[in-house]
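Q:
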Amino acid sequence: MKKTIHLSPENYIGKGLHRKCYIHPEDPFKCIKINYNIGADIETNREVKYYKHLLKRQISWECLSKYYGSVDTDLGIGHVYDLIRDDDNSISISLENYLKQSLNAHELNELTTALINLKKALLNDRIITMTIKSKNILYQRRNCGNRLVIIDNIGNSKLIKIDNYCHFLAKKSINRKWQRFIKDIERENFALVAAYLAKK
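Residue numbers (my numbering): 88 to 287.
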């Protein structure tokens, strides 16, 4: 019989469109996502299926929060992922919120490098996303180099998922969604996009 994990209000981090996120009470470097509304099952099942596909492919997880499987909780079935933390152990800030800050030249340069590396990692690991949004990306500050990590909206919604297996089609899909992402963040921080386009 599976152990049931108790999730208290103290474990609560935040919520997205379909799921609430909690710090794993037995591992501060993992989190548990719980469905909380109608329609969440479809989203979660699609995402989990794709994560299992990535696990079989043994990707690097450089730009993606790693998936560890399901657990029973007192709030229902949960799914366990890496909890992205900075070197000081604080939970990493979303790119959306970071872009709202006034960034100096050094911070802008570091973020630009992280943005370039995010695209490289997506292409290298051929990671398909539904969309790429700044609210679904965390900016992890590390002494060894800051990075951007996608934490949500992963997977392929196509009926025939041929780009999961075809390198050419996967990269075409990634590049198309990346261009939309760059246009989106241009509205949030024009200076970042200008620096990115000059540096890439």
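Note that the Cβ used here is the ideal one computed from N, Cα and C, for glycine as well.
Quick one: what's Asp169 bridged to in DSSP?
A: Lys117
Q: For Asn122, does the three-state DSSP call read helix, strand or coil?
A: strand
Q: Taking Cβ to Cβ, would you say Tyr154 is nearer than 7 Å to Tyr138?
A: yes
Q: Taking the alpha helix (DSSP H) that Thr131 belongs to, which residues open and close that run?
A: Ala127 to Arg144
Q: Round the Cβ separation of Arg133 and Gly242 to the nearest angstrom and send it over; I've been treating them as touching at under 8 Å.
A: 5 Å
Q: For Asn196, count neighbouring Cβ atoms within 10 angstroms of its own Cβ and tell me buried if that reaches 16, exposed if not.
A: It is exposed - the Cβ of Asn196 has fewer than 16 other Cβ atoms within 10 Å.
Q: Can you list, in chain order, the residues of its chain with a C-beta nearer than 6 Å to that of Leu162? Leave out the 5 residues immediately preceding and following it.
A: Leu94 and Ile121
Q: With a 10 Å radius around its C-beta and 16 neighbouring C-beta atoms as the bar for buried, classify Asp175 as buried or exposed.
A: exposed
Q: Note down, in chain order, each residue of its chain lying with its Cβ closer than 8 Å to the Cβ of Lys187, except the 5 sequence neighbours on either side.
A: Glu275
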